[in-house]
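All remarks here apply to the structure that follows.
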Amino acid sequence: MAVTQSVKDSEVIKDLAISIADFLLTQSTSKLDPVFTKSLRVAANCLEKVYSISMRDYLRMRHFPSLPEIYQRASNPVPIKDQVQAEQCKLRGNDLVQQERYPMAEAEFTKAICLNEHNPVYYCNRADTRIRQGQYQRATADCHKALSLNPNYAKAYARLGQAFYMMNHPAKAARCYRKALKIEPHNETYLRILSHITQPVSRYGFEIFNPLHRFKRNVMDLASNLTPLGTSNVSNYRPFTNDASITRSHTILSYSECTD
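Following the UniProt record's numbering, the numbering of the sequence shown begins with 1 at its first residue and continues without gaps.
Right, here's the structure in full:
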């Protein structure tokens, strides 16, 4: 347990170093003084060497709030009154989700966000309502916002994976669920969904992950179904769009966790 905590602490420290280095580099591009610019870049380079910061690390942090944003948030906390009202909106939204009144639930979570835009739970909950209404792009935006506020929010990764899956991006969905499992390795729901998405022996799995397999099968089906003109037989041609998602989307949604 102590080892795990130590690893998490080191990851937090590295993320802080990345944020500082990114801030220094950003400042270096906005200054006209060459001496000042060079000093900033040297400082950023030192952080990169000490903490082994790579371009991949910068890309990973691109959705996270910048240092000025973090400072602005810390220096202007949300009033207690607004926090309380936001929680009440969230509770009403959760009740509406249970009643399957998703547009109204979405509206309540939006009210909560307007009162307290720094709580990742509100964005994640709203993403759930948007997924259930078929608003997948808007749901991904909410998930990214939630993760920028809390990079270790497993449910936000799971919801993002759910949205990607519903948009016919199973590989992206699988990556999101793996990230969620890295945070919560014993979460049975995430394990079940990841297995459901990535089964290599599944008929639907082949349709999703192996377009060449589908192409070969389409050719074989067309060849086997060639009939003289005027006959009424219809071939079993399968389009390259993921028709399997229609069959399996209900299963993925049935695995969805309740709102926080």
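Ideal Cβ positions, reconstructed from N, Cα and C, are used throughout, including at glycine.
task: Give me the Cβ distance between residue 120 and residue 156, rounded to the nearest whole Å; I'm assuming they're in contact under 8 Å.
output: 6 Å
query: If you count every other CB in all the chains shown that lies within 10 Å of the CB of residue 132, and 16 or more means buried, which is it?
result: Counting the other Cβ atoms within 10 Å of the Cβ of residue 132 gives 16 or more, which makes it buried.
Nearest neighbour of residue 39, chosen from 70, 161, 27 [CA to CA]: Considering only alpha carbons, the answer is 27.
Cα-Cα separation between residue 88 and residue 122, rounded to whole angstroms: 11 Å
query: Going by the beta-carbon positions, is the gap between residue 139 and residue 158 smaller than 8 Å?
result: With respect to residue 158, residue 139 sits apart: the two C-beta atoms are not nearer than 8 Å.
field: Closest residue to residue 48 among 72, 29, 16 (Cα-Cα distance)
entry: 16
- request: Would you kindly check if the distance between the Cβ of residue 96 and the Cβ of residue 20 is under 8 Å?
  value: no
query: How many Å lie between residue 195 and residue 173 at the Cα?
result: Roughly 12 Å separates the two Cα atoms.
Alpha-carbon to alpha-carbon, residue 152 and residue 144: Distance between the alpha carbons of residue 144 and residue 152: 12 Å.
task: Give me the Cα-Cα distance between residue 73 and residue 189, rounded to the nearest whole angstrom.
output: 34 Å
query: Using a Cβ-Cβ cut-off of 7 Å (strictly less than) and excluding sequence neighbours within five positions of residue 111, which residues of its own chain qualify?
result: 89
task: Identify the continuous alpha helix (DSSP H) that holds residue 78 and give its terminal residues.
output: That residue, residue 78, is in no alpha helix (DSSP H); it is neither H nor E in DSSP.
query: Does DSSP classify residue 120 as helix, strand or coil?
result: helix
message: So the candidates are 84, 104, 41; which of them puts its Cα closest to the Cα of residue 93?
response: 104
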